[in-house]
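Peer 1: This is the structure I have questions about; it appears just below.
Protein chains in written order, with my numbering: chain A, 1 to 606; chain B, 1 to 606.
Listed below in structure tokens is the structure:
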């Protein structure tokens, strides 16, 4: 069927049975395709029925839709002419895993970070009104994203402007089953009404025949379902639902009914993460974002990486210091904190997607004599820029920021690359920034950071790198390590780029190789020596050049009248799309070949 | 009475009548004192009764309180031993206008930006629990701050953690009378219950005797009062109120009753902004933040300044281009947009305190073919760092950021200095940053910015500066202006520091003086000429050095093998406290004397 759809309007001609079949076909295709490319799986399988129903009722040649986060837009991409590109999903120069207006005229807002869809859609809605037009504008937002402050800001403004707009709350119960947020908790206790009972029956009937129905799972989902009508109505937005997100008729009927209402509406749709694929419904977290996998076998847990090393180190440190508290924003697994949370539940706080709150909350915790460690991905910590600067740095609090996924992250692409954190932290007074050069250094970095009179950011990349023989046992403020003594040329690496230092060491036995565990403050003593002996200096980092490590070194060298050019290797002033980390580093000349050539050139010039 | 209070516990011994008298005495003192020093007036007068009641019921030797924003903490400061310092309020080395833990052990969290008090207080509450203690933790938050996303994030987490904490919603009806937010709008229609009627009667009785009762004002306030119980209870926080914030007995009784409840509570208190001072109750916006003034006479409206010039320029441009849309976040007056809003209400959006939403919303507007201008103070725009980077710059949208209060703002102090915006914007790909050198250049800057294929930030300082004869009529991308031709030494100013250029021009007739309207991109053609002719180069800016204008110039010079030292004048890596802008610039060597000495020294070395 899928191949017969040449134009999105063809979907409007299908009847309910055909729509159901189409949806199944799409889900099979997604499962098959993602098993070969990797990507977001469970979230996408959950909204295919809903997406198909949206195409039946709306016409995205006129109507607009904004996908919150965008990791649930695969069915939408497939139906808007991008099916054949799915084999290139998340690959270098291939299809992005998130909405991209550069890919299709049907993508209206590039997303990747959460909780902003209502705001973006409202921008479309008010300008539609200024144009005296009347098409539909839809924001599709998950229950997890609803805890982000911007979602409430958008909702409040939507209610105030009181214009025609549809917010679809895609509730797959995930943020709720994790008991994140008072809203969810409170509403857990509310009686289950007829709608839920029907939803339950429907699922039961469907799954029983396939004998893959897991009663407990669905029961929990239902028990945890939220009923936020009162809250939404307080904001002035009409609430409708909940409806069964896997009942095509109910979806189409409801969407058709509300399509012409000229006021803001929130439609509550219950969906099942991983729908149609047993393993994904059973282990939605495991199948949230996947690498290539075998459809028939359960994915094995991942091996040691920076995140896991962080979690283990923090758990060990907590053993000796009960003042340590860990905070994460809906990323317990991703940041490696599961073990810590299981071992010390009283000292663990998952605040849900709410980075701003997470950081200020840590400030209060620090002021009351505890040692908070806030673990958030580099790209998402951007949301708390102001709180880090004003609430933490200005008060000079010992809050530790464990910044996971710093530097390039690869396949998730431009919205997720962690290449700005040094730039947004380096100008914050009182902040120290450090980078372990391998997983073994996470513990000494944490130990150091937890005992400072100021905030400390520890940035570490996605993935794994071990360097046992080089790993420091302890850190001294602003002290760098000399990896190889040498003359005339000095190469300074930091964090992930230390991997290059060791390769260069093999090739060039006579240049000085230094690793900067400290990005801020700098090792001025060592730099003074390089200046005095008139070294050629190269810095190489996994961050933007502007405001980055090299820029800090350059400012220092300039203040000391160093007259040579500083060779700064880092990312240029542009966004970096998706692909393998190694491909992207090659593209941006952060690799062995480029460094080798540069050093050779410098040697020849001496 | 005030002078008899040697210890905060003395207040607990007072009876209701004495508390009332104390409150009146404090308000008279605040009025008298602020009329001589300037400061926040109306917000402070409104919470004195409430503050006195808090001291009667709570003991801040054990209990904690966090003031949201903190511009309502004067009574609290007076009662915690800082009365005698009030003559130094907001002066250089004097008392801060915001809570400062460096000033008093009774200040528990330094605030200044909005909507973070619930998060900070919750940090105190959870660590109190870890310590198995049981004191009270209070967040005092205004209705205006409640629209900020972080407040909802905090509330959601508070409901989830379900611990003992008191949130006092200080509702003075200001955000509501301005019709900001759906929450407020929706609840306007709810019937006025007995509580409100009593509040009305109380005020009526009180004011009538003084013949200064303005019925319409109070009636509007009551009509607009919000009844958000349903929303708060949806988050799992028990709602109590509303109570009359100027009825001492009701305040003390209610606080006493809820003091020992072991779960999160939101207490809704109705207060009157400017309470007790007729002019301030009549014109709360005018008396929100004041300079020195005469108590007997109404403050006159301020003269032309950058904000007003911005508003007028935008209004003129809108006349010719109906695609222009203005967005502000609860700062219509402050950003100079009142005239625009009155002239083109359909093109004006005050989204309330919600900077994140404001920026993404602008993104949607730009994508739908309109030209949004987002006007927010430099320091508050920090809240939307991620949205500017990911939603606007990454999609390369023509959103114009009119960044008011860029650079030092003076008396509001460290939480409000706009000295980071170049640093947080300069590493954002696709972003242009420009700075008018005087009020006359705001219009050409806006005109330029509105016609670019990318985002443009226009940064301009607090205050006024005219430079008619030097003002540009139009801008060319990356093009700087030569103010004086000269040799060997080049001084490059930008924005506010252009004032120094003209003074230096008087003294040194032979050096090159350049003004950089463009902070990004740089005028590389002109810089190449300076490099070629081996000029000594000085940059001077009203921003942090790290990531600032000079840093961008340095990166360029370094890439071109320029071997001299670049003399970068800007703010060092520290926060800057309050005082007059001129005093603070002197302290930081951004002044004529320092520049003159530096140039003289360089001339001597040539």
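We put the CB at the ideal spot given by N, CA and C, even for glycine. Just so we're clear, the structure is a prediction, and the values are computed from it rather than from any experiment.
Spell out whether any CB of chain A is found under 7 Å from the CB atom of residue 605 of chain B.
Peer 2: no
Peer 1: Against chain B, with Cβ distances strictly below 7 Å, would residue 93 of chain A count as a contact?
Peer 2: Chain B, which has no Cβ nearer than 7 Å to the Cβ of residue 93 of chain A, makes this no.
Peer 1: Mind pulling the chain A residues with CB within less than 8 Å of residue 67 of chain B?
Peer 2: Near residue 67 of chain B there are no residues of chain A at all, since even the closest Cβ is about 13 Å away, more than 8 Å.
Peer 1: Could you check what DSSP says for residue 55 of chain B in three-state terms: helix, strand or coil?
Peer 2: helix
Peer 1: Cβ closer than 7 Å: which chain A residues qualify as neighbours of residue 72 of chain B?
Peer 2: In chain order: nothing, as chain A lies at least about 18 Å away.
Peer 1: I'd like to know if residue 546 of chain A contacts chain B, where contact means its C-beta is closer than 7 Å to some C-beta of that chain.
Peer 2: yes
Peer 1: To the nearest angstrom, how far is the alpha carbon of residue 287 of chain A from that of residue 315 of chain B?
Peer 2: Residue 287 of chain A and residue 315 of chain B: Cα-Cα distance of roughly 53 Å.
Peer 1: Considering only DSSP beta bridges, list what residue 535 of chain B is partnered with.
Peer 2: BP columns for residue 535 of chain B are empty, so no partner.
Peer 1: Would you tell me roughly how many angstroms separate the C-alpha atoms of residue 452 of chain B and residue 395 of chain B, rounded to the nearest one?
Peer 2: In a straight line, the C-alpha of residue 452 of chain B is about 14 Å away from that of residue 395 of chain B.
Peer 1: Can you list, in chain order, the residues of its chain whose CB lies under 7 Å from that of residue 408 of chain B, leaving out five sequence neighbours each side?
Peer 2: 417, 419, 542, 576, 581, 584, 585
Peer 1: Do you know how far the Cα of residue 422 of chain A is from the Cα of residue 549 of chain A?
Peer 2: 7 Å
Peer 1: Could you check which residue in A/257, A/446, A/563, A/358 has the C-alpha nearest to that of residue 56 of chain A?
Peer 2: A/257
Peer 1: Whose CA, out of B/159, B/476, B/43, lies closest to the CA of residue 281 of chain B?
Peer 2: B/43
Peer 1: Between residue 531 of chain B and the rest of its own chain, which residues show a CB-CB distance below 7 Å, the 5 nearest in sequence each way excluded?
Peer 2: 557, 560, 562
Peer 1: Indicate the three-state DSSP secondary structure (helix, strand or coil) for residue 363 of chain B in the structure shown.
Peer 2: The answer is helix: DSSP assigns residue 363 of chain B an H, G or I state.
Peer 1: Enumerate in chain order the residues of its own chain whose CB-to-CB distance from residue 149 of chain A is below 8 Å, with the five nearest sequence positions on each side excluded.
Peer 2: 115, 354, 356, 357
Peer 1: I want to see whether chain B comes within less than 7 Å of residue 554 of chain A, judged by CB atoms only; does it?
Peer 2: yes
Peer 1: Check the Cβ-Cβ distances between residue 156 of chain B and every residue of chain A, and say whether any is below 7 Å.
Peer 2: yes
Peer 1: Check whether the Cβ atoms of residue 344 of chain A and residue 385 of chain A sit closer than 7 Å, and answer yes or no.
Peer 2: no
Peer 1: Mind pulling the alpha helix (DSSP H) runs of 4 or more residues that sit fully within the stretch 442-488 of chain A?
Peer 2: 442-449
Peer 1: According to DSSP, is residue 400 of chain A helix, strand or coil?
Peer 2: Correct three-state label for residue 400 of chain A: strand.
Peer 1: Starting from residue 64 of chain A, follow its DSSP beta bridges and name the residues at the other end.
Peer 2: A/137
Peer 1: Are residue 339 of chain A and residue 311 of chain A closer than 7 Å when you measure CB to CB?
Peer 2: A contact, by the Cβ cut-off of 7 Å.
Peer 1: Keeping to the same chain, check which residues put their C-beta closer than 7 Å to that of residue 473 of chain A; ignore five residues upstream and five downstream.
Peer 2: 444
Peer 1: Measuring straight from C-alpha to C-alpha, what distance separates residue 346 of chain A and residue 171 of chain A?
Peer 2: 28 Å
Peer 1: With a CB to CB cut of under 8 Å and the five nearest residues on each side skipped, what residues in its chain are close to residue 490 of chain A?
Peer 2: 511, 512, 513, 514, 530, 535, 536, 537, 538
Peer 1: Decide if the stretch 68-77 of chain A is in contact with the stretch 137-145 of chain A; the criterion is three or more beta carbon pairs, one per stretch, under 8 Å apart.
Peer 2: In this structure the stretch 68-77 of chain A lies against the stretch 137-145 of chain A, because at least three pairs of beta carbons, one per stretch, are closer than 8 Å.
Peer 1: So, is the C-beta of residue 330 of chain B closer than 7 Å to a C-beta in chain A?
Peer 2: no
Peer 1: To the nearest angstrom, report how far apart residue 508 of chain B and residue 588 of chain B are at their CA atoms.
Peer 2: 22 Å
Peer 1: Whole angstroms is fine: what's the gap from residue 120 of chain A's alpha carbon to residue 413 of chain B's?
Peer 2: 34 Å
Peer 1: What whole-angstrom Cβ distance do residue 546 of chain A and residue 426 of chain B have, given they're in contact under 8 Å?
Peer 2: 6 Å
Peer 1: Assign residue 160 of chain B to one of two classes, buried (16 or more other C-beta atoms within 10 Å of its C-beta) or exposed (fewer than that).
Peer 2: buried
Peer 1: Does the pairing of the stretch 452-461 of chain A with the stretch 397-408 of chain A give three or more beta-carbon distances under 8 Å?
Peer 2: Touching, yes.
Peer 1: Using the beta-carbon of each residue, which ones in chain B are nearer than 7 Å to residue 357 of chain A?
Peer 2: Chain B residues near residue 357 of chain A: 119, 150, 153, 154, 157.
Peer 1: Along the chain, where does the alpha helix (DSSP H) containing residue 78 of chain B start, and where does it finish?
Peer 2: Segment: none, residue 78 of chain B is in no alpha helix (DSSP H) and carries neither H nor E.
Peer 1: Give me the Cβ distance between residue 65 of chain A and residue 98 of chain A, rounded to the nearest whole Å; I'm assuming they're in contact under 8 Å.
Peer 2: Incorrect: roughly 14 Å between the Cβ atoms, too far for contact.
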